[in-house]
Amino acid sequence: MEFSLKIYNRIGLFYLFCIAVLGVILRLMFVAPVGISYKNILHTHSHIALLGWVYSGIIVLLYQLFIQKKYRNRKKFREIFIATQITIIGMFVTFPIQGYALFSIIFSTLFLLCSYWFAYFFIKKVSFKLKKSNSFKLAKTGLYYLILSSLGPWSLGIIMTKLGASSPLYKNAIYFYLHFQYNGWITVILLSFFLYYLEKSNIHLTRNVFKRFSVYLHLSIFLTFFISVLWMKPSSFIYGIAVGGSILQVIAFGILLKFILISWKYLRTDLTKFKTKLFFILGFIFLAKLIMQLLGSFPNLANSMALDREIVIGYLHWNFLGIGTFGLLFFLYLFHSIKLKKFDIYCFLAAFLLTEGLLFYKGMILQTGGNLFSEYFLYLLLASCLFLIATGSIFIRNLK
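In the working numbering, each residue's number is its place in the sequence shown (first place is 1) plus 37.
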């Protein structure tokens, strides 16, 4: 791996450590007075998580796997990466100070423009021998979902001006962005990394299998957006679309799972025991997400869960921490971009499962009208500290 790629990956891992620090600060605010704005730190945490860590990590790996390392390509990617980092640092500074205001909005807008720049660069400069590969087709589509998701932030200004923040469209614009981030951009890109690995191992999805998988996957991504609007208690037709989208996504991953089982005896020869464990853990996280999504699209559960803040946060964390962060760490490790040890992963997973368990527990308690145990927020803080240990260990390990 070239020297500059190591630097790029270290920057991404630094953001991962920073969001763990911000997460601990957010949990600490429920235990002891901190004296800073919760809302501003929350905005900083979410933006650095999605745009600093996940986005930076993904584009570096896309560049590493798909782009020919010619001098012009290296130079252009460096320019894009540096410009992007300036916008991220700008958000890192302005969000804690002012929250959503002039300068943080300017840097957020500039970031969107940088993401368009990268998408154009990637599609134009992809290695010629990979242009017809299934992995590139998915990667390119993933970038289209990234661009599509940005319609959410672009529309917020218009909605605020015309209708105000209390309008249902304001909340739906945010959900539109989040949905096409975790169900679109992040999921599809991670799948492209997986297909790339299969192709490098000389394991290829047939044209018919890939076509069926793609059709079901992309249809499901658009249809499952309607799960995000169920909080409005729409007509039964919208519930039907949401359920249908969830079922289509199960079918899509069923097609992929069937292919994996058929090809497993060839695939496992290239995986170490530790990587095999990580692969199965990621598969379990994906499966749990599909089950939660399917159950959450039915009217009775949707009506009770959609307005439960803790359940919504738990579900979003499952996607962004479980699939997004753990999935990205897995593929960075799989392609020898970063170093990981068992301690790092097991500590991260312990933090993930404990915090998710506590969030869903609180949601269920509030649903049933019960009372939280007195030390709930302290335990949530301690569980979040495990993220700090895990991400700190990963960052320091990759500085050596």
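Using N, Cα and C, we set each Cβ at its ideal position, and we do this for glycine too.
- Taking C-beta separations shorter than 7 Å and ignoring five residues to either side along the sequence, the partners of L409 in its chain run K399, I402, following chain order.
- A residue is called buried once 16 or more other Cβ atoms fall within 10 Å of its Cβ, and M269, having fewer, is exposed.
- Under DSSP, V163 shares a beta bridge with I104.
- Closest in alpha carbon position to C422, among R434, G394, I134, A388, is A388.
- Note on G361: 16 or more other CB atoms within 10 angstroms of its CB, so buried under the neighbour-count rule.
- If you draw a straight line from the Cα of A202 to the Cα of N110, it is about 42 Å long.
- Closest by C-alpha distance to L386, out of G359, S187, Y219, S272, is G359.
- Collapsing the DSSP output to three states places H241 in coil.
- Between the alpha carbons of W154 and Y413 lies a gap of roughly 45 Å.
- Look at I223 here: in three-state DSSP terms it is helix.
- In the three-state reduction of the DSSP assignment, G179 falls in the helix class.
- L267 places its beta carbon 8 Å or farther from that of G282.
- Burial check for H84: the Cβ neighbour count within 10 Å reaches 16 or more, so the residue is buried.
- The C-alpha of Y92 is placed about 15 Å away from the C-alpha of I44.
- Counting C-beta atoms within 10 angstroms of its own C-beta, W301 has fewer than 16 neighbours from the protein chains shown and is therefore classed as exposed.
- Relative to the Cα of H354, the nearest Cα in the group D345, I48, V61, Y219 belongs to Y219.
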